[in-house]
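Only one structure is covered here, and it is reproduced in the block below.
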Amino acid sequence: MNKFRVCYILEDKVKTENIVKSLNINAGQIFEELVKKIATSKYLKIESEEGRQDRLDTSCIRYIRVTALNE
């Protein structure tokens with residue numbers, strides 16, 4: 001399993017979440033999935049690093065960065 005950290009920069013804050021995906025997926029593919037979700041949804045549900053569920057208004061997202069976490 002590969003771990004990735006996704007950083008969402010919003011108008012007034014920064015939110016991060018960790019994502020675990022299968023071995024045959026890379027950061028670019030995760031980024032493309034997120035862009036498709038954002039383009040078709042008004043809100044995006046994420047699980048923050050603190051373990052709670054957050055709902056992001058997709059119109060407030062200004063930047064997304066996906067980074068692979070190596071163990």
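In UniProt numbering, the protein residues as written are 1 to 71.
Idealized CB from N, CA, C, for every residue including glycine.
Rounded separation between residue i and residue j - CA only
i     : j     : result
Lys37 : Glu47 : 15 angstroms
Tyr8  : Glu49 : 12 angstroms
Ser41 : Asn70 : 31 angstroms
Range of the contiguous alpha helix (DSSP H) that encloses residue i
i     : result
Lys36 : 27-40
Cβ shell of residue i (< 8 angstroms), same chain only, five flanking positions each side left out
i     : result
Thr16 : Arg5, Val6, Cys7, Tyr8, Ser48, Glu49
Arg1  : Per the sequence presented here, residue 1 reads as Met, with Arg not at that position. Closer than 8 angstroms at the Cβ level, and outside the excluded window around Met1, lie Val20, Lys21, Ser22, Leu23.
Counted within 10 angstroms of its Cβ, other Cβ atoms place residue i as buried (16 or more) or exposed
i     : result
Leu34 : buried
Limits of the beta strand (DSSP E) - the one that residue i falls within
i     : result
Glu17 : 14-21
Proximal residues to residue i (C-beta, below 7 angstroms), its chain only, five neighbours per side dropped
i     : result
Lys45 : Gln53, Arg55
Tyr43 : Arg55, Leu56, Asp57, Thr58
Ile61 : Tyr8, Leu10, Ile38
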